[in-house]
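Using our numbering, you'd call the opening residue of the sequence shown number 38 and step up by one each time.
Glycine included, C-beta positions come from ideal geometry on N, C-alpha and C.
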Amino acid sequence: MIHEILPVGPLQCNCSIIGDEATREAMVIDPGDDIEDILALISKHNLQVKQIVITHAHIDHVGGAMKLRAATGAPILLNQNDYALLKMLDAQAAWVGMASPGKVEIDHGLGQADVVKAGPLTASVIHTPGHTEGSVCLYFAAEKKLIAGDTLFAGSIGRTDLPGGSFEKIIRSLHQKVLALPDETVVVPGHGPLTTIGDERETNPFLR
Ligand SMILES: [Zn+2]
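Here it is, written out as structure tokens:
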């Protein structure tokens, strides 16, 4: 498994490029910004992007999706519960002082237990509302890896004070779905350093 993690944009969203060494098929998760840098890594590994997967519709995660779609032809996938937030990208841009990326079009919805793929590499979609209504995590069971979006961070959890956020829901999502995963699962949060489910289960103050 090729896995590049690239912090992009002013909010340093962790963009993941996941590629299969045999078929060279890839998915890009959360291309928030810096699409030229993402494309440079894709061509460095000689990959073909098949899916653009968005963990949730915040501008720092979705802002570069249309540019990446134009460059690769790959469809953009997002949970339908975040379509309303996606229509607020201009407002979101104003909150964080960024230029609006314009309209982002979704090609396919992404629901609980759906699967996203890069060649034989597959991740199941776990719907984890709380940070936003349509937040999802992506679980690569064979590789024991979780792309967590802004649901779980090393030592913290996603903020719930923005439109669509709910502290009760994120806590429920974390306890019922995320902490159900094995301790050895490596977690790639939407921002900041990697962690594991076991470390967060033991030390995250929000999960005790
Ligand atoms: Zn977010």
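Those runs of the beta strand (DSSP E) which lie wholly inside the stretch 161-210 and span at least 3 residues: 173-177 and 182-186
Beta-carbon separation (whole angstroms), Q49 vs I96, contact threshold 8 Å: Contact flag wrong, Cβ pair sits at about 13 Å.
Sorry if obvious, but does the Cβ on H95 come closer than 7 Å to a heavy atom of ligand 1? For ligand 1, at least one heavy atom lies less than 7 Å from the Cβ of H95.
Count the other CB atoms within 10 Å of the CB of H93; is the residue buried (16 or more) or exposed (fewer)? Looking at its Cβ environment, which holds 16 or more other Cβ atoms inside 10 Å, H93 is buried.
Apply the 10 Å Cβ neighbour rule to R106 and answer buried if 16 or more other Cβ atoms are within range, or exposed otherwise. buried
Look at the Cβ atom of N259, then the Cβ atom of D67, and state whether they are nearer than 8 Å. With the chain covering only 38 through 245, there is no way to say anything about residue 259.
Can at least three beta-carbon pairs, one atom from the stretch 164-174 and one from the stretch 194-208, be found at a separation below 8 Å? yes
Around the Cβ of D144, are there at least 16 other Cβ atoms within 10 angstroms (buried) or fewer (exposed)? Classified as exposed, D144 has fewer than 16 neighbouring CB atoms from the shown chains inside 10 Å of its CB.
Would you kindly check if the distance between the Cβ of S172 and the Cβ of D151 is under 8 Å? no
At a threshold of 7 Å, does D119 count as lining ligand 3 (C-beta to nearest heavy atom)? In the structure on display, ligand 3 does not appear, and the ligands it does have are ligand 1.
Give me the residue from V141, R209, G146 and K181 with the minimum Cα distance to V99. V141
What is the rounded straight-line gap between the Cα of A155 and the Cα of G56? Cα-Cα distance, rounded: 6 Å.
Based on the DSSP secondary-structure assignment, which residues constitute the bridge partners of I39? G56
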